[in-house]
Amino acid sequence: MSSNETTQDFQTWMCLICGWIYDEQAGLPDEGIAPGTRWADVPMNWSCPECGARKDDFEMVAL
């Protein structure tokens, strides 16, 4: 098995309302979300820092 296996790749999630991107690798330290935090582990009551949209308004995107 090589060190670049894709099973643990970080993903990015885009707000469908304003286009803001959540990057799992970077996290959101200013909001208490540590780097490496998977989208599934972001609290359900979290909202987009740009427009206030809910997690339901985000979609996984490949960058």
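The sequence shown maps to residues 24 to 86 in the working numbering.
Don't be surprised by glycine CBs; every beta carbon is placed ideally from N, CA and C.
Note that the structure is predicted; figures quoted are calculated from it, not measured.
- By the neighbour-count criterion, in which 16 or more other beta carbons inside 10 Å mark a residue as buried, CYS74 falls on the exposed side.
- ASP64 sits in a helix when the DSSP states are folded into three classes.
- Contact annotation, ILE44 with GLY50: C-beta distance approximately 12 angstroms; criterion of less than 8 angstroms not satisfied.
- Taking C-alpha positions only, ASP80 is separated from CYS38 by approximately 6 angstroms.
- In this structure TRP36 does not touch TRP69 by the C-beta definition: roughly 11 angstroms separates them, more than the 8 angstroms allowed.
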